[in-house]
Amino acid sequence: MDTRWENGIYTVFLCNRIDAVNAPQVEVELLEALKAAEQKEKSELILDAVNLTYISSAGLRALLALSEATKNRIRILNVCHEVYYIFDMTGFTELFDISRTPREVSVEGCQVIGKGGFGTVYRLGNDKILKLYNSSHTFGEIERERILAREAFVSGIPSVITYDTVRCGDSFGIVFEMLRADTLGHAFASSPDKTEEYVERYVDFVKRLHEIPINSRAFPQLKTTLHNRVPSLASICSEEELTLLHSLIDSIPDSNTLVHGDLHPGNIMLRGKDFILIDLPDSSVGSKVWDVISLFRDLIVGPRNIPEAIEKSTGIPIDQIPGIGRAFFTRYLGARNDAVLQRYFGLLMPLFALNTVLFAGAPSDPSQYVPDDQVKMMMKQAIVPNEELIRQALKMFS
Ligand SMILES: Nc1ncnc2c1ncn2[C@@H]1O[C@H](COP(=O)(O)OP(=O)(O)O)[C@@H](O)[C@H]1O
Ligand SMILES: [Mg+2]
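Heads up, the sequence shown is in the numbering used here, so the first residue is 616 and it goes up one at a time.
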């Protein structure tokens, strides 16, 4: 088998097949490689399975001998689907640290059903879709979205069924169940006469969603995500302002429920009576207040400030959105009349500023770019003078 030394890593490239014929020889070579790696300080043995397409019981025994010869959990990279299935079934995924290669798919001739800043959504066969990202997105990022979507589903969140992460040329994507449904945004757009009915169901859905407890540890904590954004604002905000941001984040009440992060009507699919969530890469565990603020951003402030972007993401004509937004918040907050609603909006405004400033601290996402002078202005005019108001409002909407 081929081997390679590089930066303290001794890689053995497993051969194409390991079966009863060559397993004894493979075992000898693996044990020799382990010895060679362990004789050098700070070095690691890694098995690369990029060529491995078949492994028999005798082959598994050879790997077992290797794992028994060391205290370390050896990594095996690039395991193909079929071999991974065997490792998983036999428990070898517990003995080794195994990463698989994504399955290869082709989108040739596939119908495009959506396009966004991230990439393209294709119809894949009869009942699946592929959300294919631009090649600038790493496998790790996409795998993370897949894991969050899967965990949301198994936690009982009404969300899309998630299959595997796949490769298509030099890009990666996630395969999801194809929902034979339209987005809530399109439903609002195509049936304005049903606005009231849809708003009622939307509000009920959001309230129900925020009552489902999440026990999975796969989700990041909302507050941790927000704290992590603050350092990247260091060149725009003063030391005191950064401290204030941390302290405001700390005053968000805790909760063990889901924050989707982007609950606008473009990310909800209507399937018969059911609402089903899609697009979960920003989800975390924490207070629902963060979803309330993002809805205020997308349904109330956004249509005035960034109408094109909001129309595109929600799929609703811009002149229709303010009415939907007001109806949503009136029902969600139980506002008796317009004066009460406006008072609530007055409280949500500084929270919106906090949300915007912290999004500016997520520089890896260009769609959420906020110019420096806008961040500075919001910090000085909407956040610093409203510190106490923000703390109260964070509790009130939690
Ligand atoms: N599982 C699915 N079934 C059917 N259509 C889908 C599915 N997932 C996404 N789409 C379509 O693709 C669009 C974009 O998908 P989404 O995951 O929201 O990506 P984006 O990150 O661009 O918002 C959706 O608005 C919807 O129309
Ligand atoms: Mg979306």
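For every residue, glycine included, the Cβ atom is placed at its ideal position computed from N, Cα and C.
Apart from the five residues on each side of it in sequence, which residues of its chain come closer than 8 Å, Cβ to Cβ, to residue i?
{"i": "residue 778", "result": "743, 789, 790, 791 and 792"}
{"i": "residue 666", "result": "628, 629, 630 and 631"}
{"i": "residue 1009", "result": "863, 866, 867, 868, 902, 904 and 966"}
{"i": "residue 818", "result": "943, 946 and 947"}
{"i": "residue 814", "result": "939, 942, 943 and 946"}
{"i": "residue 749", "result": "733, 734 and 786"}
{"i": "residue 837", "result": "867, 874, 899, 900, 901, 902 and 905"}
{"i": "residue 726", "result": "737 and 738"}
If you follow the alpha helix (DSSP H) that residue i is part of, which residue opens it and which one closes it?
{"i": "residue 907", "result": "904-911"}
{"i": "residue 707", "result": "707-710"}
{"i": "residue 649", "result": "638-654"}
{"i": "residue 688", "result": "Where residue 688 is concerned, there is no enclosing alpha helix (DSSP H), given that its DSSP letter is neither H nor E."}
{"i": "residue 977", "result": "Premise fails: residue 977 is in no alpha helix (DSSP H) and is neither H nor E."}
{"i": "residue 809", "result": "Segment: none, residue 809 is in no alpha helix (DSSP H) and carries neither H nor E."}
What residue does the beta strand (DSSP E) around residue i start on, and which one ends it?
{"i": "residue 607", "result": "What is shown of the chain runs 616 to 1013, which leaves residue 607 out entirely."}
{"i": "residue 739", "result": "734-739"}
{"i": "residue 729", "result": "727-730"}
{"i": "residue 627", "result": "624-628"}
{"i": "residue 663", "result": "659-663"}
Just verifying my parser: in three-state terms, what is the DSSP assignment at residue i?
{"i": "residue 693", "result": "strand"}
{"i": "residue 996", "result": "helix"}
{"i": "residue 743", "result": "strand"}
{"i": "residue 838", "result": "helix"}
{"i": "residue 864", "result": "helix"}
{"i": "residue 718", "result": "strand"}
{"i": "residue 757", "result": "helix"}
{"i": "residue 832", "result": "coil"}
{"i": "residue 984", "result": "coil"}
{"i": "residue 851", "result": "coil"}
{"i": "residue 1005", "result": "helix"}
{"i": "residue 670", "result": "strand"}
{"i": "residue 827", "result": "coil"}
Quick one: residues in its chain with C-beta nearer than 7 Å to the C-beta of residue i, no 5 flanking neighbours on either side, listed in chain order?
{"i": "residue 648", "result": "618, 625, 627 and 660"}
{"i": "residue 1053", "result": "Outside the displayed span of the chain (616 to 1013) sits residue 1053, for which this structure offers no information."}
{"i": "residue 794", "result": "775, 884, 886 and 891"}
{"i": "residue 1014", "result": "The displayed coordinates of the chain run from 616 to 1013. Any statement about residue 1014 would go beyond what the structure contains."}
Could you pull out every residue in the same chain whose Cβ sits closer than 6 Å to the Cβ of residue i, ignoring the five residues on either side in sequence?
{"i": "residue 677", "result": "638, 641 and 642"}
{"i": "residue 662", "result": "627, 629 and 691"}
{"i": "residue 835", "result": "899"}
{"i": "residue 922", "result": "933"}
{"i": "residue 973", "result": "841 and 844"}
{"i": "residue 917", "result": "925"}
{"i": "residue 831", "result": "766 and 770"}
{"i": "residue 987", "result": "851"}
{"i": "residue 848", "result": "976"}
{"i": "residue 825", "result": "872 and 903"}
{"i": "residue 1012", "result": "904 and 907"}
{"i": "residue 633", "result": "641, 670 and 674"}
Quick one: does residue i have its CB under 8 Å from some CB of chain D?
{"i": "residue 1007", "result": "Given the protein chain composition of this structure (a single chain), no chain D is represented."}
With a threshold of 8 Å, are at least 3 pairs of Cβ atoms found where one atom belongs to the stretch 927-941 and the other to the stretch 798-808? Here the stretch 927-941 makes contact with the stretch 798-808; the two share three or more CB pairs at distances below 8 Å.
Touching or not, the stretch 755-775 and the stretch 891-905, by the rule of three or more beta carbon pairs under 8 Å? yes
Threshold first: 3 residues or longer. Then list the beta strand (DSSP E) segments lying entirely within the stretch 766-803, N to C. 777-783 and 786-792
So, does the stretch 729-737 touch the stretch 843-862, judging by three or more C-beta pairs under 8 Å? no
At which residue ranges does the stretch 872-953 contain complete alpha helix (DSSP H) runs of 4 or more residues, listed in the order of the chain? 904-911, 917-920, 922-929 and 936-948
Could you tell me whether the stretch 951-958 touches the stretch 907-923, using the rule of 3 or more Cβ pairs below 8 Å? No, the stretch 951-958 does not touch the stretch 907-923.
Does the count of Cβ pairs from the stretch 871-886 and the stretch 991-1004 closer than 8 Å reach three? no
For the pair the stretch 720-727 and the stretch 685-704, tell me if three or more CB-CB distances fall below 8 Å. no
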